[in-house]
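Single-structure report; data block below.
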Amino acid sequence: MESLKISGFRNINALVNGPFWILFEAVRIETGTRHLLQVLDESVSQDREFAALVRESLHLSSGLHHEAILQPHAVEEASGRLILVYEFFNARSLQTMLDSHLPFVERRVTTIVRLIAEAFQYAQIRGVRHGWLSPQVILLAKFQDEVKIFGFSADAMLAYLYDKRQDIAASVNPYLPPENLALATQPAPDDCYALGVLFYQLLLGKLPFAQEKIIDLKQEKCTTIIPPNKENPKISHAVSDMVLSLLDPRPQSRAGLSSLLNILKPPTEDNVHLNGAPAEGESRMSRVRGMFRHVNPVSKNLVGSRKRI
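As numbered in this note's numbering, residues 272 to 580 make up the sequence shown, in order.
Written out as structure tokens, the structure reads:
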């Protein structure tokens with residue numbers, strides 16, 4: 272990754288390269304506090320129209336206050352670059368983890384997808400969509416299943432850059448639904464479809480599509496998606512079906528956030544599954560102990576009694 276000197280900051284380490292930015296973690300010299308810095312490329316920072324779109328997207332998404340949404344608290348300029356300053360979050364980039372081929376078990380994948388879907392639903396209710404979902408804009412906490420997503424309301428920026436930079440068009444096309452691929456000059460991202468692509472990518476470590484030309488890619492999206500459990504038999508049928516429902520080429524049949532969250536909602540104490548195989552890393556005995564945690568305590572009248580129960 273590119274190294275960079277940023278005035279006013281030290282201990283600058285790159286976390287992930289984005290399509291027109293690099294995300295760094297750094298310490299502000301004046302206060303000694305850690306921050307995340309999204310440093311935009313010079314080419315877009317000095318484009319007045321694009322810089323205006325960046326500020327507009329920040330204004331549109333400024334009302335989002337959700338634990339999984341990372342919003343910048345300041346916009347600064349240094350060395351001819353725009354810099355978005357975020358509160359520090361001790362995390363790794365999801366893109367970096369995918370590039371390192373680190374394995375994701377199914378249970379962790381469904382947790383990550385659920386957390387992203389909850390944030391998307393929260394934003395959607397407030398009239399904001401993400402508009403440019405990719406692994407680069409998702410951060411995972413290093414020691415727990417906590418997710419942070421940044422870059423909401425980015426669809427106007429995507430539309431502006433799509434025709435100007437072929438690298439951006441190539442990187443975003445896999446996440447666009449097939450009905451929008453024909454509209455090459457005005458891409459219209461669908462957060463649910465993009466989440467389905469990411470879901471598949473996390474389960475299998477690769478994109479569900481191999482074609483690059485728009486015509487061929489659109490045909491592949493409409494006809495030849497291989498179910499995840501056919502690629503890896505360890506993936507459950509239920510999760511495989513969820514992925515395919517998000518990737519349905521027919522917009523009217525595609526799963527939405529509400530239906531996805533209804534399936535992925537975490538179990539509660541009132542919904543304890545007693546049957547089935549133990550979860551990964553769980554012994555049968557620990558499963559039995561867990562079952563007994565939900566049994567009502569024995570009456571004090573029976574303690575020490577010789578009565579048979």
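Ideal placement from N, C-alpha and C gives every residue a C-beta, glycine not left out.
> In angstroms, rounded to a whole number, what distance separates the CA positions of residue 531 and residue 427?
Replying inline: Using only the alpha carbons, I get a separation of about 26 Å.
> Which residues in the same chain as residue 390 place their Cβ atom closer than 6 Å to its Cβ, once the five residues preceding and following it in sequence are excluded?
Replying inline: Hits under 6 Å: 337, 339, 340 and 420.
> My guess is that residue 418 and residue 387 are in contact by the Cβ rule of under 8 Å, so how many angstroms apart are they, rounded?
Replying inline: About 6 Å separates the Cβ atoms of residue 418 and residue 387, confirming a contact at the 8 Å cut-off.
>> I need the DSSP call for residue 518, collapsed to helix, strand or coil.
In response: Looking at residue 518 - three-state DSSP - the assignment turns out to be coil, as it is neither helix nor strand.
> Are the beta-carbon atoms belonging to residue 468 and residue 445 less than 8 Å from one another?
Replying inline: Yes. Within cutoff.
>> Short of 6 Å in beta carbon distance, which residues of its chain neighbour residue 502, apart from the five on each side in sequence? Order them along the chain.
In response: If we look at residue 502 and ignore the five residues flanking it on each side, its Cβ neighbours are 475.
>> Let me check one thing: in DSSP terms, what residues is residue 280 bridge-paired to?
In response: Beta-bridge annotation (DSSP): residue 280 is paired with 299.
>> Taking 8 Å as the threshold (C-beta atoms), are residue 463 and residue 515 in contact?
In response: No, Cβ-Cβ distance for residue 515 and residue 463 is not below 8 Å.
> Considering residue 315, what are the terminal residues of the beta strand (DSSP E) in which it resides?
Replying inline: Careful: residue 315 lies outside any beta strand (DSSP E), inside the alpha helix (DSSP H) at 313-316.
> Got a sec? Which residues, its chain only, sit under 7 Å from residue 413 by beta carbon, not counting five neighbours each side?
Replying inline: If the five residues before and after residue 413 are omitted, its C-beta is found closer than 7 Å to the C-beta atoms of 361, 362 and 363, all from its own chain and listed in chain order.
> Between the region 308-323 and the region 346-353, are three or more C-beta pairs nearer than 8 Å?
Replying inline: Per the Cβ contact rule, the region 308-323 is in contact with the region 346-353 (3 or more Cβ pairs under 8 Å).
> Looking at C-alpha atoms only, which residue of 280, 286 and 289 is the closest neighbour of residue 297?
Replying inline: Nearest Cα to residue 297 within the set 280, 286 and 289: 280.
>> Looking only at its chain, what residues have a beta carbon closer than 6 Å to the beta carbon of residue 382, apart from the 5 residues adjacent to it on each side?
In response: Closer than 6 Å at Cβ, skipping near neighbours: 416.
> Smallest Cα separation from residue 355: which of 342, 367 and 366?
Replying inline: The option with the nearest alpha carbon to residue 355 is 342.
> Going by the beta-carbon positions, is the gap between residue 535 and residue 385 smaller than 8 Å?
Replying inline: Going by C-beta atoms, residue 535 is nearer than 8 Å to residue 385.
> Whole beta strand (DSSP E) runs in the region 421-483 with 3 or more residues, listed along the chain?
Replying inline: Runs found: none.
>> I need the straight-line Cα distance from residue 375 to residue 473, nearest angstrom please.
In response: Distance between the alpha carbons of residue 375 and residue 473 is about 7 Å.
> For residue 292, which residues of its own chain have a beta-carbon under 7 Å away from its beta-carbon, when the five flanking residues on both sides are left out?
Replying inline: The residues are 309, 310, 311 and 312.
>> Which of the three DSSP states is assigned to residue 525 in this structure?
In response: Residue 525: coil per DSSP, three-state reduction.
> Just how far apart, CA to CA, sit residue 322 and residue 330?
Replying inline: Distance between the alpha carbons of residue 322 and residue 330 is about 13 Å.
> Can you tell me the Cα-Cα spacing of residue 479 and residue 301, whole angstroms?
Replying inline: Residue 479 and residue 301: Cα-Cα distance of roughly 47 Å.
> Is residue 306 near residue 347, with beta carbons less than 8 Å apart?
Replying inline: Not in contact: residue 306 and residue 347 (Cβ atoms no closer than 8 Å).
>> Here's the rule I'm using: 16 or more other beta-carbon atoms within 10 Å means buried, otherwise exposed. How should residue 366 be labelled?
In response: Result: buried.
> Quick one: Cα of residue 397 to Cα of residue 430, how far?
Replying inline: If you draw a straight line from the Cα of residue 397 to the Cα of residue 430, it comes to about 22 Å.
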